Amino acid sequence: MSTRRFLVLPHLKVHNANALSSPFTIGFPAMTAWLGFVHALQRNLTACYPSLQLIATGVISHQCDLQTYQGPGDFVHSIIGTGNPLDKEGNRSAFIEEARCHLDVSLLIEYQANEHTQDLMNQPDFSVAVSQQLMRMKVAGGDLQRFNLPMLQVLDDSDEQAQSKLMRSFMPGFALIERRELLQHEMEQGLDALDGILEYLTVHHTCTQDDDGNIHWKSQRKVDSNGKKPGWIVPIATGFQGISELGQAKNQRDSDLPHRFAESIVTLGEFRMAHRIKQLDEVLWHYHADLSHNLYLCQQIQTTEIDNDGFY
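Residue numbers (our numbering): 1 to 312.
1. State buried or exposed for GLU160, treating a residue as buried only when at least 16 other CB atoms are found within 10 Å of its CB.
2. Enumerated in chain order, which unbroken segments of the beta strand (DSSP E) with a length of 3 residues or greater are wholly contained in the stretch 268-308?
3. Note down, one range per segment and in chain order, each beta strand (DSSP E) of at least 3 residues found wholly within the stretch 176-239.
4. In chain order, what residues of the same chain have a beta carbon less than 6 Å from the beta carbon of PHE314, not counting five sequence neighbours either side?
5. Tell me the DSSP bridge mates of TYR111?
6. Is it buried or exposed for TYR200, if we count other Cβ within 10 angstroms and need 16 for buried?
7. Would PHE24 be called buried (16 or more neighbouring beta carbons within 10 Å of its own) or exposed?
8. Under 6 Å Cβ to Cβ from ILE236, same chain only, skipping five residues before and after it: list those, please.
9. Among the candidates GLY213, GLN248 and ARG272, whose CA atom is the shortest distance from the CA of LYS229?
10. Report the residue ranges of all alpha helix (DSSP H) runs contained in full by the stretch 103-154; include only those spanning at least 4 residues, in chain order.
11. Spell out a yes or no on whether the stretch 39-51 and the stretch 147-158 are touching, meaning 3 or more CB-CB pairs, one atom from each, closer than 8 Å.
12. Quick check: the stretch 131-141 against the stretch 248-265, are there 3 or more CB pairs under 8 Å?
13. If you follow the alpha helix (DSSP H) that SER164 is in, where does it begin and where does it stop?
14. Which residue wins for smallest C-alpha separation from ALA175, given the options HIS275, LEU246, THR206 and SER225?
15. Judging by CA-CA distance, which residue of THR208, ASN148 and HIS204 is the nearest neighbour of PHE170?
16. Going by C-alpha to C-alpha distance, which of ASP256, SER22, ASN226 and VAL234 sits closest to ARG100?
17. Is it buried or exposed for TRP34, if we count other Cβ within 10 angstroms and need 16 for buried?
18. Spatial neighbours of MET314 within its chain, please: CB distance less than 8 Å, with the 5 preceding and 5 following residues excluded, ordered by chain position.
19. In the DSSP assignment, the alpha helix (DSSP H) including GLY71 goes from what residue to what residue?
20. May I ask which residues mark the beginning and end of the alpha helix (DSSP H) holding MET171?
21. Check whether the Cβ atoms of GLN112 and GLN279 lie closer than 9 Å to each other.
22. Mark TYR69 as exposed unless 16 or more other C-beta atoms lie within 10 angstroms of its C-beta, in which case mark it buried.
23. So does the stretch 47-57 actually touch the stretch 10-17, counting three or more Cβ pairs closer than 8 Å?
24. Quick one: Cα of ASP256 to Cα of SER127, how far?
Set out below in structure tokens:
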């Protein structure tokens with residue numbers, strides 16, 4: 001029986017987070033933003049806790065308020081965007097628009113540390129140290145306005161009841177999980193990756209007329225290969241794919257590291273109610289690099305063995 005340790009950051013209230021999750025999707029921030037935030041938190045904490053490693057992250061959304069506006073007589077909502085950066089005169093570039101959203105999110109972070117660091121972390125001042133770091137940080141490009149006191153949890157890997165109880169503590173909330181296999185199945189059937197994404201996002205409206213002349217409308221989304229409705233499916237940005245060879249770039253910040261151009265990777269994800277999660281590995285994300293395919297991914301631990309397909 002192995003023991004797993006978790007740092008819980010409950011109800012991070014983020015103002016004006018970046019909702020432009022990829023070049024062609026607007027909504028919940030990309031997974032690279034969340035794992036990047038956790039990586040930055042680890043680097044800030046290792047000054048006092050040298051062996052601390054934050055190895056996996058779960059994201060539970062309580063609220064996502066996309067900043068949009070609908071004027072009188074408008075049929076669609078317009079994005080309330082910001083234009084950054086400003087030039088030297090304080091003017092903004094007309095072609096740079098950044099969608100923003102306000103968030104209430106909890107993070108479940110698995111960590112590892114040696115015995116000495118664990119002894120330090122068990123002291124009450126560890127929560128204070130984490131809180132002090134959080135107050136200085138950005139989250140997904142947004143301002144962290146307030147948060148609840150961080151907590152430490154120690155669970156047995158085989159204790160599903162304790163894991164389920166921990167997930168229920170995030171209610172009401174939706175855990176973001178990866179559903180790459182849905183897109184993989186569509187691509188195996190010969191569909192283009194983008195068409196496969198749209199297949200699961202499109203709502204089909206149909207109507208029938210009965211003998212009395214009454215019209216009955218029906219709305220439905222695509223079912224999975226087992227004939228089941230897959231849930232609340234959304235497009236999510238989960239990493240990057242290199243499109244150039246490793247080398248040097250002009251004016252690069254770190255002259256010692258090789259650079260390359262890359263493009264965003266988008267696949268399918270699902271927001272699932274937290275009380276439906278029975279094992280924590282269902283929600284935990286981690287970094288994964290597949291250099292043979294030039295892929296730099298954020299993926300879930302349970303999908304590590306899946307072939308690197310199912311992306312756009």
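Cβ atoms here follow ideal geometry from the backbone N, Cα and C, with glycine treated the same way.
If you're wondering where the values come from, they're calculated on a predicted model, not measured in any experiment.
If we stick to the structure as given:
1. exposed
2. 284-290 and 295-300
3. 204-209 and 215-220
4. The first residue shown for the chain is 1 and the last is 312, placing residue 314 beyond what the model contains.
5. ARG5 and LEU54
6. buried
7. exposed
8. GLY269
9. ARG272
10. 115-121 and 125-134
11. no
12. no
13. 160-168
14. HIS275
15. ASN148
16. SER22
17. buried
18. Summary: the structure shown does not reach residue 314, with the chain confined to residues 1 through 312, and so no result is reported for it.
19. Taken as a continuous stretch (DSSP letters only), GLY71 belongs to no alpha helix (DSSP H), as it is neither H nor E.
20. Taken as a continuous stretch (DSSP letters only), MET171 belongs to no alpha helix (DSSP H), as it is neither H nor E.
21. no
22. exposed
23. no
24. 36 Å
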